[in-house]
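A.B. asks:
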Amino acid sequence: MPKVVIDKDRCKGCLLCVSFCPQGSLSGGEKLNRSGARPARFKKGASCVGCAMCALICPECCIEVYK
Numbered sequence: 000m001p002k003v004v005i006d007k008d009r010c011k012g013c014l015l016c017v018s019f020c021p022q023g024s025l026s027g028g029e030k031l032n033r034s035g036a037r038p039a040r041f042k043k044g045a046s047c048v049g050c051a052m053c054a055l056i057c058p059e060c061c062i063e064v065y066k
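So the sequence shown is numbered by numbering that gives the first Met the number 0: it starts at 0 and just counts up by one.
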């Protein structure tokens, strides 16, 4: 199963990745990061197909997908 890694300190909380994930595997986080934004997070128990749409759409390049 692919692994999604999000650099929570670089994420500005725009949540574009959430809207572009075809599996609905991402959501907004509950805790604030150093910048005061709620960074995206990978949902527990969610599945990832490794399409990397989240990483491609991220304007801050803070998402990496490992297959």
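Glycine included, each C-beta is placed from N, C-alpha and C at the ideal position.
Model, not experiment: these values are computed from the prediction.
According to DSSP, is ALA54 part of a helix, a strand, or is it coil?
C.D. replies: Here ALA54 sits in helix by DSSP.
A.B. asks: Does the beta-carbon of LEU31 have 16 or more other beta-carbons within 10 angstroms, so that it is buried, or is it exposed?
C.D. replies: That one is exposed.
A.B. asks: Roughly how far, in whole angstroms, is the beta-carbon of ALA51 from the beta-carbon of ILE5, given that I think they are within contact range, below 8 Å?
C.D. replies: At roughly 13 Å, the Cβ-Cβ gap does not stay under 8 Å, so ALA51 and ILE5 are not in contact.
A.B. asks: Where does the unbroken beta strand (DSSP E) through VAL4 begin, and where does it stop?
C.D. replies: Start and end: 2-5.
A.B. asks: Please go through the same chain and pick out, in chain order, the residues whose beta-carbon is closer than 6 Å to the beta-carbon of VAL3, but skip the five residues on each side of it.
C.D. replies: If we look at VAL3 and ignore the five residues flanking it on each side, its Cβ neighbours are PHE41, CYS47 and VAL64.
A.B. asks: Is the beta carbon of GLU59 sitting closer than 7 Å to the one on LYS11?
C.D. replies: Yes, Cβ-Cβ distance for GLU59 and LYS11 is below 7 Å.
A.B. asks: Do GLY49 and LYS66 have their CB atoms nearer than 7 Å?
C.D. replies: Contact flag set, yes.
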